[in-house]
Amino acid sequence: VASLGGTLAVDGYGDSVSVSALVPASGARAVARAMTTAYFAPVLTPEGFRKATAEVAQDALVRSFDAEAVVRDAVFGALFVSGPQRSPALGDPAALAAVSAELVRSFAGRAFRAQNAVFVASGTVDGAIVSAIADGRPATGEARKAEAPADPSATRAPAATVREFPESGGGLGWVGPSIGDERAATALDFLADYLFRPGTGVMAQLPELRAAGTFLSGQFVTLHDPGVFFVSWSGDGSAAIGTAVAARIAAAARPLDPAAFAAARNGFVGHILGDLQTPTEQADNFGWYSVEGNFAYAPGANGGAGPYLRAVESLTPEFVASVARKYLGAAPARVTLTPPASRKGISS
Amino acid sequence: VSRLRVCAAAALFAGLAVPVSAEGARFPVPGVATAGTTRVITEEDAGAVLGGVQVFVSAGLDREPANAPGVASLLAETILRTPVMLDGRMRPLREAAAATGTLVSYAVDGRATHFYLEGRGAALGRALDLLGTALAAPDYSPAAVAPAAALLAGEIADVEGNPLSVGLEMFKHVYYQGAAGRPVNGTTETLAALTAADLRRFHDAAYRRGGVSFAYAGRPAPGLADALGKLAGILPVGMPPPADHRTTPIPATLTHVIAQRAVGAPFVVVGFAAPSPTSPDYGATLVLQSLIERTFNPDRTTTVGLAQRKVGALYLSDVSPASMVVYVNGIQTDPTAGLDEVLLLTRALGARALPEAELAKMRTIAAGRFGAQAISLGDRSYLLGSLAAQGLGADGLNASLAAIARTTPADVRRVARTYFERYVVSVILPRTMPPPAE
Chain A
12 VASLGGTLAV DGYGDSVSVS ALVPASGARA VARAMTTAYF APVLTPEGFR
62 KATAEVAQDA LVRSFDAEAV VRDAVFGALF VSGPQRSPAL GDPAALAAVS
112 AELVRSFAGR AFRAQNAVFV ASGTVDGAIV SAIADGRPAT GEARKAEAPA
162 DPSATRAPAA TVREFPESGG GLGWVGPSIG DERAATALDF LADYLFRPGT
212 GVMAQLPELR AAGTFLSGQF VTLHDPGVFF VSWSGDGSAA IGTAVAARIA
262 AAARPLDPAA FAAARNGFVG HILGDLQTPT EQADNFGWYS VEGNFAYAPG
312 ANGGAGPYLR AVESLTPEFV ASVARKYLGA APARVTLTPP ASRKGISS
Chain B
62 VSRLRVCAAA ALFAGLAVPV SAEGARFPVP GVATAGTTRV ITEEDAGAVL
112 GGVQVFVSAG LDREPANAPG VASLLAETIL RTPVMLDGRM RPLREAAAAT
162 GTLVSYAVDG RATHFYLEGR GAALGRALDL LGTALAAPDY SPAAVAPAAA
212 LLAGEIADVE GNPLSVGLEM FKHVYYQGAA GRPVNGTTET LAALTAADLR
262 RFHDAAYRRG GVSFAYAGRP APGLADALGK LAGILPVGMP PPADHRTTPI
312 PATLTHVIAQ RAVGAPFVVV GFAAPSPTSP DYGATLVLQS LIERTFNPDR
362 TTTVGLAQRK VGALYLSDVS PASMVVYVNG IQTDPTAGLD EVLLLTRALG
412 ARALPEAELA KMRTIAAGRF GAQAISLGDR SYLLGSLAAQ GLGADGLNAS
462 LAAIARTTPA DVRRVARTYF ERYVVSVILP RTMPPPAE
């Protein structure tokens, strides 16, 4: 990929791993072949293992300074008692050191198989690219089938969590509808966009967010069952931001003024389509919805006329408010990020 | 869609493609039209759902008056906050455009302020009308200007915490004599000193019909030509003031600039003069940029962002004349050793020609990298308009690929000798580190 001037990314999530490459069209077939050959029957060498361990450890270290990621992991850990969403995909840097080559080899043999994969091609390619996909390891017995999805994630009464972090911050999280409840899931997507989208969301106008290094983020993560709505923030003014977020979430239980709602829904459609214009964005999006079990519902499926956009068009102020009451009216999981004692001026 | 910001894909193998190869043109050839007397470069894509239009106004840093740094940015932000009428109600332009489903944003660079609108069909035309209203008569009242200034002040603070941005500004300050050498938003002090009268004077001088051009990428939009034609006529006839492109020659003796900021590790930024896109040296410059990054970041399997690279190279063609910076990231590598290695490499490239086989690989990489910069509608339309404004013609994307494809070993060596033997070194140190003794 690098020799073509392309980019390669690997991301791990609770129930999947994504490997995505962006390359010139002239190299797409060769890259499709190379990637599927490598990932459908991985060969683990000592040097490859050493290198991968070092890179993942570095990624985990970088992520440990990302307030949004830290809050997200804590929220998911507080909401789920079992299932794939319970633990952070990357783990903490120290835990990674305990992962052995044998464990990785065993996992690769079970999970990295053609039967478990979804291949997405987008951009300047045609359907013939599928002929470049490698068969991978010959399948025998149970390996002929895709591995069954993990058990539905069990949730529990949300808890309060405190994490040490270089800056003050916090987060809230609620379980939401499954990916099968398309209209309700879309309503929470809309609400997250209306309230929290950087630059345009109503919460983005908070004066506290003008301070350098301060951030606020909110989104609904569409998952097989259930989804998660979570909000995170950090930086100076965290306490005020947290108070404002709680008030806004509570207000979402009341229907928006119809004119404001119509404008926000128009803006939401523009944001969705704008977020899905590059090949990478499209491939990531289609892959995600496939794995979560509802590809047809993927935004952008069937261009500008798929089920997702029809669900958006069906939204009303009353329905969105009812979904907010149902899911965001419950007690949330609360996360507090607190600086180490020395940062707060407390000597020990 | 919000979930994409978190995570995105799944057990997924995405063989993705951009329409570029190292040999020959691969981007669609754009069309050229006029709206009134204004040039429009158009690359239509029936497969796209949206369209994106860039409105370039020759009101960039190179036309800012000496006594008003930051005025271009403050005026652009004020324009986006100017109330316009939509559906019987006055509301700020940004909010009104969003209500039609159209994103509107702006950026100020060395030679232009460019407004970008992205949306669908008729809504895009409607948003262009709204932009025209605000462009013609910005709201200079405190209700629009004060929050615009507050926003820019926050951005200034963010820049101060980013060592690469600080290093870029330090180099530009040394190399560019005019306003192109100043921070795009000015400083906290100069921003606070700007008045409505400053904004009005800059608008009256620089927002002229003769300095406007358009570039469009995306789904064919019915009515777009009419909307652009109307917009083209909204500003007064005339040309903007002359641009200031003066530079200070980089001396043969080493120039060091040192600053301390609230950053986590030392950072070194080496600045060089560089050829413009119309120069015969342009292709070799893009190849050299790729070669430097490839040389110093060979051992990562996955592609990393600017902040995670040991060494990065940026070609700055948004300002005239162009320049290049190479940075050494002290979080990832020893900055002193990294600087030595960068200078060793640039000297070696000037001393002997690259083998053709090695150069062929680098041409392929450079072409792929260039193509990856022109994927979104916003990036594509910006590059089309910007490269055209720099003299590369309407088909600047393919012209750039062609320049890369015809680069020879002698070109690379010549460019290294011509541009890389004189440089400015900017060092950004954490506040906790003492500055080096003179």
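Residue numbers (our numbering), protein chains in the order written: chain A, 12 to 359; chain B, 62 to 499. We put the CB at the ideal spot given by N, CA and C, even for glycine.
At which residues does the alpha helix (DSSP H) containing residue i begin and terminate?
i                         : result
asparagine 390 of chain B : Careful: asparagine 390 of chain B lies outside any alpha helix (DSSP H), inside the beta strand (DSSP E) at 384-390.
valine 42 of chain A      : 39-51
alanine 463 of chain B    : 457-466
glutamine 350 of chain B  : 343-357
proline 208 of chain B    : 203-221
glycine 432 of chain B    : 417-433
isoleucine 489 of chain B : No alpha helix (DSSP H) contains isoleucine 489 of chain B, which is instead part of the beta strand (DSSP E) from 485-491.
histidine 175 of chain B  : That residue, histidine 175 of chain B, is in no alpha helix (DSSP H); its beta strand (DSSP E) goes 174-180.
glutamine 69 of chain A   : 57-74
histidine 282 of chain A  : 269-285
Does the Cβ-Cβ distance between residue i and residue j come in under 7 Å?
i                           : j                            : result
serine 179 of chain A       : serine 249 of chain A        : yes
leucine 296 of chain B      : tyrosine 277 of chain B      : no
glycine 121 of chain B      : aspartate 170 of chain B     : yes
alanine 112 of chain A      : phenylalanine 60 of chain A  : yes
leucine 199 of chain A      : phenylalanine 240 of chain A : yes
glutamate 79 of chain A     : serine 189 of chain A        : no
valine 324 of chain B       : serine 487 of chain B        : no
alanine 32 of chain A       : leucine 19 of chain A        : yes
alanine 345 of chain B      : aspartate 190 of chain B     : no
leucine 111 of chain B      : glycine 284 of chain B       : no
threonine 47 of chain A     : alanine 171 of chain A       : no
valine 220 of chain B       : serine 226 of chain B        : yes
leucine 438 of chain B      : glutamine 288 of chain A     : yes
asparagine 147 of chain A   : alanine 125 of chain A       : Position check: residue 147 of chain A holds glycine in this sequence, whereas asparagine was assumed. Yes, they are a contact pair.
valine 86 of chain A        : alanine 165 of chain A       : no
glycine 94 of chain A       : alanine 159 of chain B       : no
serine 133 of chain A       : alanine 294 of chain A       : yes
phenylalanine 88 of chain B : asparagine 358 of chain B    : no
threonine 139 of chain B    : proline 199 of chain B       : yes
leucine 490 of chain B      : glutamine 321 of chain B     : yes
valine 476 of chain B       : aspartate 342 of chain B     : yes
Residue i lies in the beta strand (DSSP E); which residues open and close that run?
i                         : result
serine 166 of chain B     : 164-169
tyrosine 480 of chain B   : Careful: tyrosine 480 of chain B lies outside any beta strand (DSSP E), inside the alpha helix (DSSP H) at 470-480.
serine 301 of chain A     : Unbroken run through serine 301 of chain A is the alpha helix (DSSP H), 290-302; no beta strand (DSSP E).
methionine 146 of chain B : 144-147
valine 131 of chain A     : 129-134
glycine 152 of chain B    : According to the sequence as given, residue 152 of chain B is arginine; it is not glycine. It spans 150-153 - the beta strand (DSSP E) in which arginine 152 of chain B sits, taken as one unbroken run.
glycine 279 of chain B    : 273-279
proline 398 of chain B    : Proline is not the amino acid found at residue 398 of chain B; the sequence shown has alanine there. Counting along the chain, alanine 398 of chain B falls outside any beta strand (DSSP E), though it belongs to the alpha helix (DSSP H) covering 396-412.
What does residue i touch in chain B if you count any residue whose Cβ is under 7 Å from its own?
i                      : result
valine 92 of chain A   : Per Cβ cutoff of 7 Å: no residues; valine 92 of chain A is ~21 Å from chain B at best.
proline 104 of chain A : Simply none; closest approach about 15 Å.
Can you pull the chain A neighbours of residue i, defined as C-beta to C-beta under 9 Å?
i                      : result
leucine 225 of chain B : By Cβ distance, chain A contributes nothing, its closest Cβ being about 16 Å from leucine 225 of chain B, past 9 Å.
arginine 87 of chain B : Pro35, Ala36, Ser37, Thr135
For residue i, return the contacting residues in chain A, with the cut-off set at a CB-CB distance below 7 Å.
i                        : result
valine 110 of chain B    : Leu284, Gly314, Gly315
lysine 233 of chain B    : Residues of chain A passing the Cβ test: none, with the nearest at roughly 21 Å.
threonine 364 of chain B : Thr18, Leu19, Ala20
threonine 161 of chain B : Asn277
How close, in whole Å, do the beta carbons of residue i and residue j come, if the pair is a contact with beta carbons under 8 Å?
i                        : j                        : result
histidine 175 of chain B : tyrosine 443 of chain B  : 7 Å
proline 57 of chain A    : glutamate 175 of chain A : So it is not a contact: roughly 35 Å between Cβ atoms.
leucine 462 of chain B   : alanine 409 of chain B   : Actually they are not in contact, since the Cβ atoms of leucine 462 of chain B and alanine 409 of chain B sit about 27 Å apart, beyond 8 Å.
alanine 128 of chain A   : glutamate 158 of chain A : Not really, about 11 Å apart at Cβ, beyond 8 Å.
Anything in chain A within Cβ reach of residue i, meaning under 8 Å, just list it in chain order.
i                         : result
isoleucine 311 of chain B : Neighbours of isoleucine 311 of chain B on chain A: none; closest Cβ ~29 Å, over 8 Å.
leucine 212 of chain B    : Arg221
lysine 422 of chain B     : Ser14
serine 351 of chain B     : Gly16
What residues of chain B sit near residue i, judged by a beta carbon separation below 8 Å?
i                     : result
leucine 15 of chain A : Thr425, Ile426, Gly429
Check the Cβ of residue i against every Cβ in chain B and list those closer than 9 Å, keeping chain order.
i                        : result
threonine 211 of chain A : Arg155, Glu156, Ala159, Leu164
Is it true that the stretch 187-203 of chain A meets the stretch 331-338 of chain A, where meeting means three or more beta-carbon pairs spaced less than 8 Å apart?
yes
Would you say the stretch 142-158 of chain B touches the stretch 191-198 of chain B, given that touching needs at least three Cβ pairs under 8 Å?
yes
Are three or more beta carbon pairs between the stretch 313-327 of chain A and the stretch 50-63 of chain A nearer than 8 Å?
no
Looking at C-beta atoms only, is the number of pairs between the stretch 316-330 of chain A and the stretch 249-259 of chain A that lie closer than 8 Å three or more?
no
Check whether the stretch 205-225 of chain B and the stretch 300-318 of chain B touch, using three or more Cβ-Cβ pairs below 8 Å as the test.
no
Could you name the residues of the stretch 52-65 of chain A whose beta carbon sits closer than 8 Å to any beta carbon of chain E, in the order they occur along the chain?
Although the question refers to chain E, the structure presented lacks it and instead comprises the protein chains A and B.
Quick check: the stretch 401-414 of chain B against the stretch 346-359 of chain B, are there 3 or more CB pairs under 8 Å?
yes
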